[in-house]
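Peer 1: Be aware that the sequence shown starts at 88, since it is given in my numbering, and climbs by one per residue.
The structure's right below; bear with me while I get my questions together.
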Amino acid sequence: EDQMRGTSLSFGARDKAKKYQEQEKEYNLVLEDEIEFIKSLPLAGTRKKKKKKKKDSDSESSSSSEEEEEEDEQPKLTATQKKLSIDEVRRSLPVFPFREALLNAINEHQIMIIEGETGSGKTTQIPQYLYDAGYCSDGKKIGCTQPRRVAAMSVAARVSEEMGKKLGNEVGYSIRFEDCTNDRTRIKYMTDGMLLREFLMDPSLDGYSVMIIDEAHERTLHTDILFGLLKDITRFRSDLKLLISSATLDSAKFSDFFDEAPIFRIPGRRYPVHIYYTRSPEANYIDAASVTILQIHITQHLGDILVFLTGQEEIEACQEILTERLRALGSKIRELIILPIYANLPSEMQAKIFEPTPPGARKVILATNIAETSLTIDGIKYVIDPGYAKQNYFNARSGMESLIVVPISRASANQRAGRAGRVGPGKCFRLYTQWAFENEMDENTIPEIQRVNLGNVVLQLKSLGIHDLINFDYLDPPPAEALILALEQLYALKALNHKGELTSTGRKMAELPVDPMMSRMILAADQYKVVEEILTIAAMLSVNGSIFYRPKDKAIHADTARKNFFHPDGDHLTLMNVYNEWVGTDYSSQWCYEVFIQYRSMKRARDIRDQLVGLMDRVEVQVTSNPGDSVNIRKAITAGYFYHVARFSKGGMYKTAKKSKTVMIHPQSCMIEDLPRWVVYHELVMTTKEYMRNVVVIDGKWLLEVAPHYYRDNEVHDATSKKMPKVKGKAKEELQKEYNKL
Ligand code: CDP
Ligand code: MG
Numbered sequence: 088e089d090q091m092r093g094t095s096l097s098f099g100a101r102d103k104a105k106k107y108q109e110q111e112k113e114y115n116l117v118l119e120d121e122i123e124f125i126k127s128l129p130l131a132g133t134r135k136k137k138k139k140k141k142k143d144s145d146s147e148s149s150s151s152s153e154e155e156e157e158e159d160e161q162p163k164l165t166a167t168q169k170k171l172s173i174d175e176v177r178r179s180l181p182v183f184p185f186r187e188a189l190l191n192a193i194n195e196h197q198i199m200i201i202e203g204e205t206g207s208g209k210t211t212q213i214p215q216y217l218y219d220a221g222y223c224s225d226g227k228k229i230g231c232t233q234p235r236r237v238a239a240m241s242v243a244a245r246v247s248e249e250m251g252k253k254l255g256n257e258v259g260y261s262i263r264f265e266d267c268t269n270d271r272t273r274i275k276y277m278t279d280g281m282l283l284r285e286f287l288m289d290p291s292l293d294g295y296s297v298m299i300i301d302e303a304h305e306r307t308l309h310t311d312i313l314f315g316l317l318k319d320i321t322r323f324r325s326d327l328k329l330l331i332s333s334a335t336l337d338s339a340k341f342s343d344f345f346d347e348a349p350i351f352r353i354p355g356r357r358y359p360v361h362i363y364y365t366r367s368p369e370a371n372y373i374d375a376a377s378v379t380i381l382q383i384h385i386t387q388h389l390g391d392i393l394v395f396l397t398g399q400e401e402i403e404a405c406q407e408i409l410t411e412r413l414r415a416l417g418s419k420i421r422e423l424i425i426l427p428i429y430a431n432l433p434s435e436m437q438a439k440i441f442e443p444t445p446p447g448a449r450k451v452i453l454a455t456n457i458a459e460t461s462l463t464i465d466g467i468k469y470v471i472d473p474g475y476a477k478q479n480y481f482n483a484r485s486g487m488e489s490l491i492v493v494p495i496s497r498a499s500a501n502q503r504a505g506r507a508g509r510v511g512p513g514k515c516f517r518l519y520t521q522w523a524f525e526n527e528m529d530e531n532t533i534p535e536i537q538r539v540n541l542g543n544v545v546l547q548l549k550s551l552g553i554h555d556l557i558n559f560d561y562l563d564p565p566p567a568e569a570l571i572l573a574l575e576q577l578y579a580l581k582a583l584n585h586k587g588e589l590t591s592t593g594r595k596m597a598e599l600p601v602d603p604m605m606s607r608m609i610l611a612a613d614q615y616k617v618v619e620e621i622l623t624i625a626a627m628l629s630v631n632g633s634i635f636y637r638p639k640d641k642a643i644h645a646d647t648a649r650k651n652f653f654h655p656d657g658d659h660l661t662l663m664n665v666y667n668e669w670v671g672t673d674y675s676s677q678w679c680y681e682v683f684i685q686y687r688s689m690k691r692a693r694d695i696r697d698q699l700v701g702l703m704d705r706v707e708v709q710v711t712s713n714p715g716d717s718v719n720i721r722k723a724i725t726a727g728y729f730y731h732v733a734r735f736s737k738g739g740m741y742k743t744a745k746k747s748k749t750v751m752i753h754p755q756s757c758m759i760e761d762l763p764r765w766v767v768y769h770e771l772v773m774t775t776k777e778y779m780r781n782v783v784v785i786d787g788k789w790l791l792e793v794a795p796h797y798y799r800d801n802e803v804h805d806a807t808s809k810k811m812p813k814v815k816g817k818a819k820e821e822l823q824k825e826y827n828k829l
């Protein structure tokens, strides 16, 4: 049956494929339906709720009859609800019947594209099939890349459990600053960024017999670069199998790129999903989401809810609103379990979303984009889609990179809706209008390579000996101006010489797993003899998620505690203070608790710092220390971040050097009341305004010392010696308001 059809391998019975198509049509049809949105339903007084109320007052044991009723309504119970053994779950996955066919096809073809609906078992099963088929018998590994850290960790945990092995032995994962593998590791999940780093050590990936580029449709920058590198390797490593695995319909494009590699399609199970739109745009989608959750909970049959939000802050805000409203409703309604999932959530908490929902209860999962395709959560019947995601945007003309919330694409919206139709027919509530879907959203998400800063990747490609970046084999090429800007920046950072060749500084920078500005800062610290201090600062800045903890009910206490750490020279030194005091308490968690510091963030900073310290030998940097030398610490920071300079302009506003863009100091900064004339900022964030987050005070003249090739005398000269205005009175109140909003 395994015959080729064009570039497509066809497997299984024909009627299966036909059925799949029909389902797809139905799904599309529903999409176009004119429907009314659930928000118009009254919160109280629905039949369902009355019934429930009555039961509650009747007796506690009444839930069993209701459960049965619910079971009828749910056409199919999910595997977890049926409490199947791990083996049964594995056999129930859509990929399972194709095991042999898949292995045969892999045996025959060096490169293959594997396409299958999310949740069909591509990520967790295929590496195990390969392992069992002997692909690791000669001590080689099976690699599988993931665009997201959380996915790499959670999938590795799941697979080690399925194989009955301890995580970190046969099955492990590797993400930036965290290597959970050992000599015995044969199945290795890793972020795509980590595989790119591995190329530096092992340019032909000799340690691997199979490499799976998973979630290829996500088109992250690193994945896109890996495509080109791997395509090249397969030409001389005929023993290396390359699998490109993807959820949606980009397969033909991947096949074209990889010299007409065959496509293996795993027929999915997809049930119709009914789409609802709002009648008018929602002003506050977090609020709208929480209302919709409650309405589903009160009026709809059992089945879990998945909500897509843009990040940790939104998830926490939504969780808070929801908890409050649930409390107000009291015991009138059945149990609703709220579970968040985002990248920085501790892994014990992440595991919770996979636990089966107790009978009679409902789970609502508040997730970032990670749940769009990377993680499959069983039992989802309702999806709430506000239509936004956080994306990195780099403006090559202004040289500015910022993380902003943008509308998702139609492809993304459909992918999200599809999450409701995995176990049975589902419903998706879009918190935007049908008009917006059709007219305001882009067809597809723009691949990352076309919208982010390329500095890091250019440096890595250069250190792999790839010089001609314009003619590199890209699936979609980056904009030429972004490439040129990256080259210019690397030249200014002294990573490249005027011929565009890697310098010895550049080679060292590429060794450090941080972006070029940060690695330049670390190397500059060597010269200023403040390496310990700069590594602390680098580690604290690399922790994603907040260091300071500010619970609403103890906001004043938290603010006071935070102010005690403030350093007059800026946030970087404030962060250093926090770290050093923590070290002084012998890494105490109790201390963190008392001074409103996130213990988890501190532990992570410590891990990162340890790793960076461990790399100093390789880059020939002596770990010097001089904690009191604020000037040299700030000069080292400036040497890395001289692109991120802003100068006071007026009315609390700053203008960035060179490009003169108007920005402000972030209200959370320690410099907010005592504005400095010159600052170096760590990053720009776009919220209500364009804010500089984490600023350090500098002297404009230092720019001539640390970046004489970039700044001219007249650009750093202060024409006025006027004292900087103090922020007080009304302006200060305004600031406090802004701060409380964040
Ligand atoms: O990669 P693909 O989307 O095709 O599927 P998968 O991630 O391999 O998921 C297959 C099954 O494993 C799903 O039913 C998931 O719910 C389950 N799974 C899990 O229980 N725990 C995880 N950490 C990951 C997956
Ligand atoms: Mg997957």
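Where a beta carbon is used, it is the ideal one built from N, C-alpha and C, also for glycine.
(1) Can you name, in chain order, every residue of its own chain whose Cβ lies under 8 Å from the Cβ of Gln233, other than the five neighbours on each side?
(2) For my contact list, Pro473 and Leu518 are in at a C-beta cut-off of 8 Å; report their separation, rounded to the angstrom.
(3) For a test of the three-state rule: what should DSSP assign to Tyr728, helix, strand or coil?
(4) Ignoring anything shorter than 3 residues or poking outside the stretch 373-448, list the beta strand (DSSP E) runs there in chain order.
(5) Mind checking which residues open and close the alpha helix (DSSP H) that includes His659?
(6) Evaluate contact between the stretch 168-187 and the stretch 300-320, counting only Cβ atoms and requiring at least three cross-stretch pairs below 8 Å.
(7) When burial is assigned at 16 or more other CB atoms within 10 Å of the CB, is Ile643 buried or exposed?
(8) In chain order, what residues of the same chain have a beta carbon less than 8 Å from the beta carbon of Ala818, not counting five sequence neighbours either side?
(9) May I have the straight-line CA-CA distance separating Thr205 from Asn456, to the nearest angstrom?
(10) Hey, out of Met608, Thr775, Leu190, whose CA is closest to Leu622's CA?
(11) Measure the alpha-carbon distance for Phe735 versus Met773 and round it to whole angstroms.
(12) Does the pairing of the stretch 403-411 with the stretch 431-438 give three or more beta-carbon distances under 8 Å?
(13) Take Phe286 and list the residues in its own chain whose beta-carbon comes closer than 7 Å to its own, dropping the five residues that flank it on each side.
(14) Would you tell me roughly how many angstroms separate the C-alpha atoms of Phe559 and Leu570, rounded to the nearest one?
(15) Quick one: grab the DSSP three-state call for Thr460.
(16) The beta strand (DSSP E) with Asn781 in it runs from where to where?
(17) For the candidate residues Gly226, His304, Arg721, whose alpha-carbon lies nearest to that of Asp293?
(18) Does Gln823 come out as helix, strand or coil in the three-state DSSP assignment?
(19) With the ligand CDP as the reference, list in chain order each residue whose Cβ lies under 5 Å from any of its heavy atoms.
(20) Can you list, in chain order, the residues of its chain whose CB lies under 8 Å from that of Ile553, leaving out five sequence neighbours each side?
(21) Please confirm whether Ala612 and Val618 have their CB atoms less than 8 Å apart.
(22) Kindly indicate which three-state DSSP category Ile452 falls into: helix, strand or coil?
(23) Kindly give me the distance between the Cβ atoms of Ile634 and Ile695, rounded to whole angstroms, as I take these residues to be in contact under 8 Å.
(24) According to DSSP, is Leu583 helix, strand or coil?
(25) Compare the C-alpha of Glu871 against each of Ile557, Pro655, Leu548, Ala498 and name the closest.
(26) I'd like to know if the stretch 650-664 and the stretch 780-788 are in contact, where contact means that at least 3 CB-CB pairs between them fall below 8 Å.
(27) Are Arg263 and Met288 touching if we call contact CB-CB under 8 Å?
(28) Counting C-beta neighbours from all protein chains within 10 Å, is the total for Gly417 16 or more, i.e. buried, or is it exposed?
(29) Please tell me whether, using a cut-off of 7 Å, the distance from the CB of Glu302 to the nearest non-hydrogen atom of the ligand MG is below it.
(30) Apart from the five residues just before and just after His654, which ones in its own chain have a Cβ nearer than 6 Å to its Cβ?
(31) Three or more C-beta pairs under 8 Å: does that hold for the stretch 725-735 against the stretch 698-713?
(32) Specify the secondary structure class of Arg245 as computed by DSSP and reduced to three states.
(33) What's the gap between the Cα of Arg412 and the Cα of Ile299?
Peer 2: On the basis of the data shown:
(1) As a first step, residue 233 is located in the sequence shown; it is residue number 146 there, counting from the start. Excluding residues within five positions, the ones whose Cβ falls inside 8 Å are Thr210, Ala239, Val242, Tyr276, Met277, Thr278, Asp279, Asp301, Glu302, Ser461.
(2) For the purposes of this step, residue 473 is taken as the residue at position 386 of the sequence shown. For the purposes of this step, residue 518 is taken as the residue at position 431 of the sequence shown. For a cut-off of 8 Å, the C-beta gap from Pro473 to Leu518 is around 4 Å, short enough to register as a contact.
(3) The residue given as residue 728 occupies position 641 in the sequence shown. Helix.
(4) 391-395, 423-428
(5) In the sequence shown, counting from the first residue as 1, residue 659 sits at position 572. Its alpha helix (DSSP H) spans residues 658-671.
(6) no
(7) Here residue 643 is taken as the residue at index 556 of the sequence shown, counted from 1. Counting Cβ neighbours within 10 Å, Ile643 comes out exposed, since fewer than 16 surround it.
(8) Sequence index remark: in the sequence shown, residue 818 carries index 731 (1-based). Sequence-distant partners of Ala818 (beyond 5 residues in either direction) whose C-beta falls short of 8 Å from its own C-beta, in its chain, are Gly739.
(9) Position 118 of the sequence shown holds residue 205. Position 369 of the sequence shown holds residue 456. When rounded, the distance between both Cα atoms is 14 Å.
(10) Sequence index remark: in the sequence shown, residue 622 carries index 535 (1-based). The option with the nearest alpha carbon to Leu622 is Met608.
(11) Here residue 735 is taken as the residue at index 648 of the sequence shown, counted from 1. Here residue 773 is taken as the residue at index 686 of the sequence shown, counted from 1. Their backbone Cα atoms lie some 19 Å apart in a straight line.
(12) no
(13) If you number the sequence shown from 1, residue 286 lands on position 199. So the list reads Leu316, Leu551, once near-sequence residues are dropped.
(14) For the purposes of this step, residue 559 is taken as residue 472 along the sequence shown, with counting starting at 1. For the purposes of this step, residue 570 is taken as residue 483 along the sequence shown, with counting starting at 1. C-alpha separation (whole angstroms): 12 Å.
(15) Along the sequence shown, read from residue 1 onward, the residue named residue 460 stands at position 373. DSSP places Thr460 in helix when its eight states are reduced to three.
(16) For the purposes of this step, residue 781 is taken as residue 694 along the sequence shown, with counting starting at 1. Start and end: 777-785.
(17) Start at 1 with the first residue of the sequence shown, and residue 293 comes out as number 206. Selected option, being the one with the closest Cα: Gly226.
(18) As a position in the sequence shown, residue 823 is number 736, starting the count at 1. Gln823: helix per DSSP, three-state reduction.
(19) Thr205, Gly206, Ser207, Gly208, Lys209, Thr210, Thr211, Ser241, Arg245, Phe441, Thr463, Asp465
(20) Indexing the sequence shown from 1 puts residue 553 at position 466. Taking C-beta separations shorter than 8 Å and ignoring five residues to either side along the sequence, the partners of Ile553 in its chain run Phe559, following chain order.
(21) Along the sequence shown, one-based indexing puts residue 612 at 525. Along the sequence shown, one-based indexing puts residue 618 at 531. Contact flag set, yes.
(22) Counting from 1 along the sequence shown, the entry for residue 452 is found at position 365. Note: Ile452 maps to strand in three-state DSSP.
(23) Mapped onto the sequence shown, residue 634 falls at position 547. Mapped onto the sequence shown, residue 695 falls at position 608. In fact, because the Cβ distance is near 13 Å, the residues do not count as touching under 8 Å.
(24) Working through the sequence shown from its first residue, we reach residue 583 at position 496. Correct three-state label for Leu583: strand.
(25) The question about residue 871 has no answer, for the chain in this structure spans 88 to 829.
(26) The stretch 650-664 is in contact with the stretch 780-788.
(27) Taking the first residue of the sequence shown as 1, we reach residue 263 at position 176. Taking the first residue of the sequence shown as 1, we reach residue 288 at position 201. Cβ distance not < 8 Å, so Arg263 and Met288 don't count as in contact.
(28) Counting from 1 along the sequence shown, the entry for residue 417 is found at position 330. So Gly417 counts as exposed.
(29) Within the sequence shown, the letter at position 215 stands for residue 302. Yes, since a heavy atom of the ligand MG falls inside the 7 Å radius drawn around the Cβ of Glu302.
(30) The count along the sequence shown starts at 1 and reaches residue 654 at position 567. So the list reads Leu660, Thr661, Asn664, once near-sequence residues are dropped.
(31) Judged by Cβ distances under 8 Å, the stretch 725-735 makes no contact with the stretch 698-713, as fewer than three pairs qualify.
(32) Working through the sequence shown from its first residue, we reach residue 245 at position 158. Three-state DSSP puts Arg245 in a helix.
(33) As a first step, residue 412 must be located in the sequence shown, where it is residue number 325. As a first step, residue 299 must be located in the sequence shown, where it is residue number 212. Answer to the nearest angstrom: the Cα atoms are 45 Å apart.
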